[in-house]
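Just so we're on the same page, the working numbering is the position in the sequence shown counted from 1, plus 8.
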Amino acid sequence: MDREASVRAYYQELMASWGPQDWWPAYTRFEVIVGAFLTQNTAWTNVERALRRLREHGVLNPDGIRRTPLPKLARMIRSSGYFRQKAQRLKNFVSYLDARYGGSLGRMFTQPTAKLREELLSLNGVGPETADSILLYAGGHPVFVVDAYTRRIFERHGLITTKARYEDLRQLVERALQQALAAAGDPPPASPLPGRRRHKFVIRRATSAARAFDEFHALLVQAAKHHCLKAQAHCPGCPLERFLKK
Ligand code: SF4
């Protein structure tokens, strides 16, 4: 089986085993964006505490970030680590949103994917994973988010080496899943948009590809958290066990 066929098989197996996931856990697009910044180099539980504080203070929105003094904002997100740096990055993002799009996320997300990705990547502290999380989960743009979990699973299955570049891995998954969708006639998803049960916002531009990338990323996170732990792989019971090379 070539690498793209393997990726497709993993996606189909995980989907058959666990079904659609409820991702990204957020109530607004802006909350997704803030979460994407705060989750850099820290566990999600720490991010949740910081998001809760921002929500309690009524500043989990562009205007809240805009009007909150930097030191106060940093204190509110202390639990997420690197809090001064992250507070500045949130301020920078809102400044960019104001300068380019008059403070409108709607206008920002109507930009073509490649253009918007380039803009986001040019912001201080925005790497590919953060940019792609914003594009996919807040904007419904069809990009796959590569994270440490994806790398760990693919490495353990011999699909990539430790030196694999982010872009190569992203394109590998995107090609593989787009082919699967094309072969299936690009059907509408069998379930509601991921996260719609919990999300209060609707990703209007989500395509079948965006939904497949969304689901696959969330399913890989599940596999990594429950079976493919950093310290050790617990393969028995993992849906991907049958794909391990003997
Ligand atoms: S736990 Fe084992 S079977 Fe599951 S993804 Fe990791 S290496 Fe593969």
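Here a beta-carbon is modelled for each residue, glycine too, at the ideal position from N, C-alpha and C. Just so it is clear, the structure is predicted and the values come from calculations on it, not from any experiment.
Got a sec? Which residues, its chain only, sit under 8 Å from residue i by beta carbon, not counting five neighbours each side?
i	result
Phe-221	Leu-144, Pro-150, Val-151, Phe-152, Val-153, Val-181, Glu-182 and Leu-185
Gln-230	Leu-22, Trp-26 and Gln-29
Leu-62	Val-42, Leu-68, Gly-72, Met-84 and Ile-85
Leu-128	Val-134, Thr-138, Ala-139, Ile-142 and Leu-143
Check residue i in the structure and name its three-state DSSP category.
i	result
Ala-239	coil
Ala-192	coil
Ile-168	coil
Tyr-90	coil
Leu-252	coil
Asp-176	helix
Gly-114	helix
Asp-10	coil
Pro-202	Model confidence at Pro-202 stands at a pLDDT of 41, short of 50, so the residue's coordinates are unreliable; what they give is reported in the following sentence. Coil, per DSSP.
Would you say the beta carbon of residue i is closer than 7 Å to some non-hydrogen atom of ligand 1?
i	result
Ile-168	no
Ala-231	yes
Leu-252	yes
Leu-143	no
Arg-164	yes
Ile-73	no
Leu-17	Looking at the sequence shown, residue 17 is not Leu but Ala. No; taking the cut-off as 7 Å, the Cβ of Ala-17 has no heavy atom of ligand 1 nearer than that.
Please return the same chain residues whose Cβ sits closer than 7 Å to the Cβ of residue i, not counting the five positions on each side in sequence.
i	result
Phe-251	Ser-14, Ala-17, Tyr-18 and His-165
Tyr-255	There is simply no residue 255 to check, as the chain begins at 9 and stops at 254 in what is shown.
His-65	Met-84
Below 6 Å CB to CB, which residues in the same chain sit around residue i once its five sequence neighbours on both sides are set aside?
i	result
Pro-136	Tyr-174
Val-40	Trp-32, Ala-34, Tyr-145 and Ala-146
Arg-178	Phe-152 and Val-154
As an exercise, report each continuous alpha helix (DSSP H) stretch of at least 4 residues that is fully enclosed by the segment 16 to 88, in chain order. 37 to 46, 52 to 64, 70 to 75 and 78 to 84
Curious, which full-length alpha helix (DSSP H) runs of at least 4 residues does the segment 119 to 167 contain? 121 to 129, 136 to 141 and 156 to 164
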